[in-house]
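A.B. asks: In our numbering, the protein residues as written are 1006 to 1340. Glycine included, each C-beta is placed from N, C-alpha and C at the ideal position. Treat the numbers as computed from the prediction; the structure is a model and nothing was measured.
What follows is the structure, given as structure tokens:
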């Protein structure tokens, strides 16, 4: 039998060592696989558990309860009251059918408020145009543009009651407007809030001054979200400012413009603060909301006031639906 050489002994040790390591690694691999399988099983069990499926509803429960309690329940109650003659105080309510709705559209003093809303609707068109113009101009690199942004947005931050009192003194006889016109030699013998036409025009002008800043910020944010590379490419192709507005800015702000139109229409129908403070609804300036408030709290005709509120809600929903059908929110592809 041959004698064992040192090299043979070392080779045998290496062989035994590798065999031992292979056995230990195999056992540890089996243990790791078992732990992984256990974790996967627990994860699948959690995903399939009823508690996990119910967790999102736990977070939604409080907001949904508040929404239903303070929005949908009052709306349903308002619709129910609109078919009664309830005075807002007495526990007795008599069902009157659609009589309240017939009165809204047949009584001249109630139907007249729709024509008053026309002044504010026309003012809203001017308001959107002015806001879009300044948003487009100030989106370019101009001097003092941040200053002008602040000037345009500042009126929207002022409380509506304060604005009403400020412009009440502005339009009163011998007030600020008459003083300014007198400096230019213009006759000031005119009661700006004395007849329906001039009063509603003046009030609508105040509305334009107040809410232009809101539309300006909406348009400016939409314009600034457009990638700057598009403007650079348009300038390299020789496009002027009007071409950039028509082919880049206008398509990109289409959803925001649609939102502004909805807000303008709904706002023109629900004007309250400024005309209520400046005229109290007198001289033919009563708006839909002012008329509704008077019916409910001054004449104790809560049923009729509820019908007026339902009509206002229906008009706004109808206009919103028509607008969404005519101007759908298509994805704008600018590149």
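1. I need the straight-line Cα distance from residue 1303 to residue 1089, nearest angstrom please.
2. Indicate whether the contact test is met: 3 or more Cβ pairs, each with one atom in the stretch 1253-1267 and one in the stretch 1200-1209, closer than 8 Å.
3. Do residue 1265 and residue 1133 have their beta-carbon atoms positioned less than 8 Å apart in this structure?
4. Which same chain residues, not among the five before or five after residue 1307, have their C-beta less than 7 Å away from its C-beta?
5. Along the alpha helix (DSSP H) that carries residue 1242, what are the first and last residues, could you check?
6. Using the C-alpha atoms, what's the distance from residue 1268 back to residue 1284?
7. Using the Cβ count rule (16 or more neighbours within 10 Å means buried), how would you classify residue 1249?
8. By Cβ distance, which residues of its chain are closer than 7 Å to residue 1229, with the 5 residues on each side in sequence left out?
9. Cα separation between residue 1211 and residue 1280?
10. So residue 1209 and residue 1128 are supposed to be a Cβ contact under 8 Å. How far apart are they, rounded?
11. So if DSSP puts residue 1089 in a beta bridge, which residue, or which two residues, is it bridged to?
12. Among the candidates 1275, 1152 and 1287, whose CA atom is the shortest distance from the CA of residue 1313?
13. Report yes if the CB atom of residue 1083 is closer than 8 Å to the CB atom of residue 1271, and no otherwise.
C.D. replies: Put simply:
1. As a first step, residue 1303 must be located in the chain shown, where it is residue number 298. As a first step, residue 1089 must be located in the chain shown, where it is residue number 84. Near 18 Å, if we compare the C-alpha coordinates of residue 1089 and residue 1303.
2. no
3. Your numbering for residue 1133 matches position 128 in the chain shown. Your numbering for residue 1265 matches position 260 in the chain shown. Yes. Within cutoff.
4. Counted from its first residue, the chain shown places residue 1307 at position 302. So the list reads 1086, 1091, 1092, 1093 and 1301, once near-sequence residues are dropped.
5. Looking up residue 1242 in the chain shown gives position 237. Element bounds for residue 1242: n/a, residue is neither H nor E.
6. If you number the chain shown from 1, residue 1284 lands on position 279. If you number the chain shown from 1, residue 1268 lands on position 263. Rounded to whole angstroms, residue 1284 to residue 1268 spans 24 Å at the Cα level.
7. Position 244 of the chain shown holds residue 1249. Buried is the call here.
8. Walking along the chain shown from the start, residue 1229 turns up at place 224. So the list reads 1144, once near-sequence residues are dropped.
9. Counted from its first residue, the chain shown places residue 1211 at position 206. Counted from its first residue, the chain shown places residue 1280 at position 275. Their Cα atoms are separated by approximately 10 Å.
10. Indexing the chain shown from 1 puts residue 1209 at position 204. Indexing the chain shown from 1 puts residue 1128 at position 123. Right, the Cβ-Cβ distance comes to about 4 Å (below 8 Å), so this counts as a contact.
11. Looking up residue 1089 in the chain shown gives position 84. Answer by DSSP bridge pairing, in chain order: 1100.
12. As a first step, residue 1313 is located in the chain shown; it is residue number 308 there, counting from the start. If we check each option's Cα against that of residue 1313, 1275 comes out closest.
13. The residue labelled residue 1083 in the question sits at position 78 within the chain shown. The residue labelled residue 1271 in the question sits at position 266 within the chain shown. Cβ atoms of residue 1083 and residue 1271: not closer than 8 Å.
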